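Asks: Mapping of the sequence shown onto this note's numbering: residues -3 to 198, in sequence order.
Glycine included, each C-beta is placed from N, C-alpha and C at the ideal position.
As the structure is a prediction and not an experimental result, all values here were calculated from the model.
Below are the structure tokens for one structure; questions will follow.
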Amino acid sequence: MNLDDIKLTQIKSGRLPGYFFPKLIELGHLKIEPFNENSLGNISYYLHFNNKFREPIVGNEPINLLDKNSIDSAFHPYKEMESYILHPGKSVIAQTYEKVGCSEWFLCKLENTSALGRVLLNHASHGFLHPGHGINEPFNMMIELTNLGEKPVIIQSAKMENGKIIGPDSFRFYVEKLPYPATDYKSVSNVSKLKMDNSDKS
-3 MNLDDIKLTQ
7 IKSGRLPGYF
17 FPKLIELGHL
27 KIEPFNENSL
37 GNISYYLHFN
47 NKFREPIVGN
57 EPINLLDKNS
67 IDSAFHPYKE
77 MESYILHPGK
87 SVIAQTYEKV
97 GCSEWFLCKL
107 ENTSALGRVL
117 LNHASHGFLH
127 PGHGINEPFN
137 MMIELTNLGE
147 KPVIIQSAKM
157 ENGKIIGPDS
167 FRFYVEKLPY
177 PATDYKSVSN
187 VSKLKMDNSD
197 KS
């Protein structure tokens, strides 16, 4: 398929194959920084860990989900390290090496690779990149990991060498095109209400 002259309106809704990703980046609808073709798969892009890890604070005080400060104070500040050893039954917050973003026409999903699954590393929330999020300011996605296995696992951070990303392929990053752009609900509902009001007057 020749994508040189393809336009956004010609791309069908649904999960897109990997060969669309460079074109979406060119059109300004997708951000993956840094982007490396060696990490491009058939239907996804492989993301990696960066060198920042945040450990939970051990204690008996419950976390109040209605209080952002309570949630934030339940974790130590991020530490930078080339690798992190996650012991059985323990959890840590990590980040993707790549910064990502997508326009309001797309949503993106993050899933573990089978390599993480085989060593029983569980990603709690399964990352979800909302339409329009990060397109102007790409960001590192948060990864909440728990070791469900019986042995410690070394989490190796990625680095760039000779134009290539060196590190284990840890996550599959999927891109889906929406049939309609996802805009703010209030603005859409106000437009719909205005159209209804005008039709009543006619």
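(1) So what's L179 in DSSP terms, helix, strand or just coil?
(2) Do you know how far the Cα of N108 is from the Cα of A120?
(3) Starting from the C-beta of P148, find all residues in its chain whose C-beta is less than 8 Å away, skip the five residues before and the five after it, and write them out in chain order.
(4) Measure how close the beta-carbons of S66 and N60 come, nearest whole angstrom, since I'm counting them as under 8 Å.
(5) Along the chain, which unbroken stretches of the alpha helix (DSSP H) at least 4 residues long are found entirely within the region 100 to 146?
(6) Going by DSSP, name the residue or residues bridged to S79.
(7) Would you call the region 157 to 175 and the region 4 to 12 touching, i.e. three or more CB-CB distances under 8 Å?
(8) Can you tell which of F71, Y42, L103 has the C-alpha that lies nearest to the C-alpha of G55?
(9) Are N47 and E76 close, meaning C-beta to C-beta below 8 Å?
Replies: From the atom records:
(1) What sits at residue 179 in the sequence shown is Thr, not Leu. Residue state, collapsed to three classes: coil.
(2) Those two C-alpha atoms are separated by around 10 Å.
(3) I81, L82, H83, P84.
(4) Between S66 and N60 the beta-carbon gap is near 4 Å, inside 8 Å, which marks them as a contact.
(5) For the region 100 to 146, the continuous alpha helix (DSSP H) assignments of 4+ residues that do not extend past its boundaries occur at 110 to 114, in sequence order.
(6) According to the DSSP secondary-structure assignment, S79 is paired through a beta bridge with Q152.
(7) Between the region 157 to 175 and the region 4 to 12, the count of Cβ pairs shorter than 8 Å is three or higher; the stretches touch.
(8) Among F71, Y42, L103, the Cα nearest to that of G55 is on F71.
(9) Yes, these two residues count as a Cβ contact at 8 Å.
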